[in-house]
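Notes follow once the structure below has been shown.
2 protein chains.
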Amino acid sequence: MTRRVRVAGVQMAMGEDRAANLAHALAAVEEAARRGASLVVLPELFTGRYFPQYPARAEFLGWAEPIPGPTTEAMAAAARRLGITLVGSVYERAMPGLNYNTAVVLAPDGSLVGRTRKGHIPDGPGYTEKFYFAPGDSGYPVLDLAPGGVPLPTATPTCWDQWFPEVARIAALQGAQLIVYPTAIGSEPAYPDEDTHDAWRTVMRGHAIANGVCVMAVNRCGTEDAITFYGGTFLAGPMGEVLAELGPDEGILEAEIDLDAVDRARELSPFFRDRRIDTYGPLLARGGRP
Amino acid sequence: MTRRVRVAGVQMAMGEDRAANLAHALAAVEEAARRGASLVVLPELFTGRYFPQYPARAEFLGWAEPIPGPTTEAMAAAARRLGITLVGSVYERAMPGLNYNTAVVLAPDGSLVGRTRKGHIPDGPGYTEKFYFAPGDSGYPVLDLAPGGVPLPTATPTCWDQWFPEVARIAALQGAQLIVYPTAIGSEPAYPDEDTHDAWRTVMRGHAIANGVCVMAVNRCGTEDAITFYGGTFLAGPMGEVLAELGPDEGILEAEIDLDAVDRARELSPFFRDRRIDTYGPLLARGGRP
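In order, the protein sequence lines correspond to chains X and L.
In terms of numbering that gives the first Met the number 0, the first sequence has 152 at position 153, counting the first letter as 1, and numbering is strictly consecutive.
In terms of numbering that gives the first Met the number 0, the second sequence has 64 at position 65, counting the first letter as 1, and numbering is strictly consecutive.
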C-alpha cells in the first residue's frame with residue numbers, strides 16, 4: 000500500500016472584499032485538487048485582510064463567525080465536491096466577547112473533523128493579536144486524517160505556535176506525522192531592518208528534525224498597509240529537508256509526503272526513546288532568573 | 000561597557016595516544032587564546048578516540064577518571080596560565096560502576112566552575128553509548144561565566160543533548176544566553192547513504208531562534224575506524240544566523256558573541272512572554288498513541 004500523500008498549499012494575497020477572497024481561495028483549492036492534491040491547506044484567516052495589524056479596533060470583532068458557520072460551510076462544500084481534505088482558518092466567535100483564531104479541517108465527506116484554536120497569541124508592532132484572540136483552549140490535537148485514503152495523523156496549530164518547540168513536540172508525542180501551520184507573517188513595521196523569513200523557515204525545519212515529522216507552513220503574500228507578507232510557503236520532510244517551496248508571489252505549493260521517510264528518520268534518530276522526561280519539569284515554569 | 004565576547008572552538012582529530020591528544024588540544028587552546036579568544040571550547044571526550052563506536056567493551060571503562068582528575072588538572076593549569084575560560088569534556092568516573100560523559104568548565108583562575116553530565120545518551124550503530132555512560136543527573140545548569148570580564152550565562156550540555164529542544168529551552172529559561180555543545184558526530188556506519196550534517200546544524204540553529212540564544216557546537220574531525228567525524232564546528236547567533244563555521248578539517252573556529260543581539264532578538268520575538276505553560280503537561284510523558 001502506498002504511504003505517499005500529495006499535498007498542496009494555497010499561497011494568496013487578500014483584498015478588501017471578503018467574499019472575493021473566499022471565492023479566490025476556493026478556486027485555488029479546486030485547481031490544487033485538479034492537479035492531484037488530496038490535502039489542501041489555506042493561509043491563516045484567509046477570508047480577509049490581516050486586521051490584527053491595527054491595535055484594538057472593535058469593528059473587526061464583528062468579523063468573527065461561529066463554527067460551523069459561513070466559512071466552514073463553504074469549505075465543507077468544496078471538500079465534498081472535490082473529495083479532498085481541506086485545512087483552513089477562521090476567526091471564530093465562541094460566544095460574544097470570546098473569539099479565537101482557529102484552524103479547521105474538513106474531511107472529503109464534508110464533515111468538520113478538526114478545530115484547533117491557536118494556542119500562542121503574539122502581540123507586537125503589526126501583529127497585535129491579544130486584543131482579538133483568546134489563547135486557545137484546545138491543546139494541540141492530532142487528527143486521524145486519511146487524505147487519498149492514506150492514514151496521516153496531523154496536527155494543525157497556527158502561525159505564532161510555529162515558533163514554540165513545545166507545540167511541535169506535544170503534537171509528535173501524540174502521534175502526529177504531519178504538522179500544518181496556517182500562517183500570516185511578513186515584514187516588521189517597527190523594525191524595518193529585520194527580516195524574519197530565514198528564522199521562520201529554520202525554526203520549523205528544526206521542529207521537523209527534532210520530531211521526525213513533516214512540517215508544512217502556508218503563508219499569505221502581498222502587501223496590506225504596513226506589512227508585506229513574505230509568502231515562502233513550504234513543506235519540509237523529517238530530516239528538515241525542504242521538499243517544495245514558493246517564493247513571494249501567489250501560487251500553489253505542490254508536494255508529496257512520504258510516510259516511509261518518517262519511519263526511516265525515527266529509526267536513524269530514536270529521540271523519543273531517549274527523552275529524559277524526569278528532567279523536564281522546568282518546562283512547565285515561566286522561567287527567568289530569580 | 001562592551002557586551003561582546005571573543006570565543007573559539009578547537010576542532011581536532013584524535014589519535015591513539017591519549018597523552019598526545021591532550022597535548023595537541025592544549026596547544027590549540029593556547030593558539031586560540033593567543034588570537035584573542037577569552038572562551039575556548041574543546042570537543043567531546045577530546046583526550047581519546049571515540050570508543051563508544053565499539054559496543055560493550057569493558058576495557059574502555061578504565062578510561063574513566065575522576066573530576067577533579069588528570070584531565071581537569073591539565074585544563075585548569077592552561078586556563079589559569081592563559082587567563083581564559085575553558086570548556087572541555089571528560090569520561091567521568093563518579094564511582095566504580097557509575098560513569099558519566101561530562102562537560103567541564105574551568106575559570107580563568109583555574110577553578111572548576113561547571114560539571115554538566117550528558118543527559119541524553121544515544122545508542123545506535125556506531126554510537127553505542129548506553130553501555131559506557133549513565134544518563135546525567137545534573138540537569139542543564141546555567142553557569143555564571145565571565146570570559147574577558149563580560150557576564151555570559153552559559154549552559155554546557157553534550158552532543159546527543161543537542162537534538163532535544165527541551166534541553167535548550169530549559170537552559171534558556173534558567174537564563175542561558177549561550178549554549179555550548181562539545182560533540183562527536185559523523186557518518187552513520189549502518190546507514191552509509193545518510194548524512195546528518197545539515198540536520199544537526201539546522202536543529203541547533205532552530206534552538207538558537209526559538210530561545211534567542213547563541214549556540215556553539217564543537218565537533219571532532221577525522222576518521223576513526225568506521226566513523227568519519229564531519230567537523231562543521233560553528234557558532235550561531237540568536238536569529239539562527241551562522242556567524243562562523245569550519246569545514247571538515249582541523250582548525251580553530253574564531254567568532255564573536257554579541258549579547259546586545261540577544262536582547263534585540265528577544266525584543267523582536269518575545270517568546271518567553273507568550274509560552275502557554277498551562278498546556279505543556281504532555282511534555283513530561285513518554286508519548287505515543289495508546
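Glycine included, C-beta positions come from ideal geometry on N, C-alpha and C.
Top-ranked residue by Cα proximity to Phe233 of chain L, from L:Leu25, L:Ile178, L:Met94, L:Gln52: L:Ile178
Top-ranked residue by Cα proximity to Arg114 of chain X, from X:Gly123, X:Tyr99, X:Leu282, X:Ile120: X:Tyr99
Contact set between the segment 261-272 of chain L and chain X, restricted to residues whose Cβ is under 9 angstroms from the partner: Arg263, Ala264, Glu266, Leu267, Ser268, Pro269, Phe270, Phe271, Arg272
Burial state of Arg34 of chain L (16 or more Cβ within 10 Å): exposed
The segment 40-50 of chain L touching the segment 272-284 of chain X, judged by at least three CB pairs closer than 8 angstroms: no
Assumed close pair Val103 of chain L, Gly87 of chain L - CB separation to whole angstroms, cut-off 8 angstroms: 5 angstroms
Proximity winner among X:Asn20, X:Pro152, X:Asp192, relative to Ala12 of chain X (alpha-carbon distances): X:Asn20
Inter-residue CB distance, Ala78 of chain X and Ala106 of chain X (contact presumed, cutoff 8 angstroms): 7 angstroms
Unbroken alpha helix (DSSP H) run spanning Met74 of chain L, endpoints: 69-81
Enclosing alpha helix (DSSP H) for Glu29 of chain X [first to last residue]: 17-33
Start-to-end residues for the alpha helix (DSSP H) that takes in Ile208 of chain L: 196-210
Between the CA atoms of Val166 of chain X and Phe228 of chain X - distance to the nearest angstrom: 23 angstroms
Neighbourhood of Val212 of chain X by C-beta, 8 angstroms cutoff - its chain only, sequence neighbours within 5 removed: Ala167, Ala170, Ala171, Ala175, Gln176, Leu177, Ile178, His206, Pro237, Val261
Between the CA atoms of Val9 of chain L and Met215 of chain L - distance to the nearest angstrom: 11 angstroms
Local Cβ density within 10 Å of Ser268 of chain L, reported as buried at 16 or more and exposed below that: buried
Any chain X beta carbon closer than 7 angstroms to Leu282 of chain L: yes
Helix, strand or coil at Asp245 of chain X [DSSP, three-state]: Looking at the sequence itself, residue 245 of chain X is Leu, so the reference to Asp does not match. Coil, per DSSP.
Proximal residues to Gly109 of chain X (C-beta, below 6 angstroms), its chain only, five neighbours per side dropped: Ala75, Ala78, Arg79
Helix, strand or coil at Arg219 of chain X according to DSSP, with G and I counted as helix: coil
Residue ranges of each alpha helix (DSSP H) within the segment 159-199 of chain L, 4 or longer: 164-172
Val39 of chain X vs Ile66 of chain X beta-carbon contact at 7 angstroms: no
Closer than 7 angstroms to chain L by CB, Gly231 of chain X: no
Minimum Cβ-Cβ distance from His196 of chain X to chain L less than 7 angstroms: no
Residue from L:Asp16, L:Pro95, L:Gly135, L:Leu144 with nearest C-alpha to Trp159 of chain L: L:Gly135
Continuous beta strand (DSSP E) stretch holding Asp257 of chain X: start and end: 250-257
Buried/exposed call for Gly148 of chain X, threshold 16 Cβ in 10 Å: exposed
For Phe130 of chain X, the first and last residue of its enclosing beta strand (DSSP E): Taken as a continuous stretch (DSSP letters only), Phe130 of chain X belongs to no beta strand (DSSP E), as it is neither H nor E.
Per-residue contacts from His119 of chain L into chain X (C-beta, under 7 angstroms): Asp273, Arg275
Member of L:Glu244, L:Thr222, L:Pro152, L:Phe130 whose CA lies at the smallest distance from the CA of Glu58 of chain L: L:Phe130
Short Cβ contact (7 angstroms threshold) for Ile184 of chain X with Ala7 of chain X: no
Reduced DSSP category for Phe228 of chain X - H, G, I as helix; E, B as strand; rest coil: strand
Start and end residues, alpha helix (DSSP H) containing Asp273 of chain X: 270-273
CA nearest to the CA of Gly301 of chain L, picked from L:Asp273, L:His196, L:Phe50, L:Pro150: This structure cannot speak to residue 301 of chain L, because chain L is shown only from 0 to 289.
Where the segment 46-64 of chain X meets chain L: residues whose CB sits under 7 angstroms from a CB there: none
Chain X within 7 angstroms of Ala209 of chain L, Cβ atoms only: yes
Interface partners of Pro150 of chain L on chain X, CB under 7 angstroms: In chain order: nothing, as chain X lies at least about 12 angstroms away.
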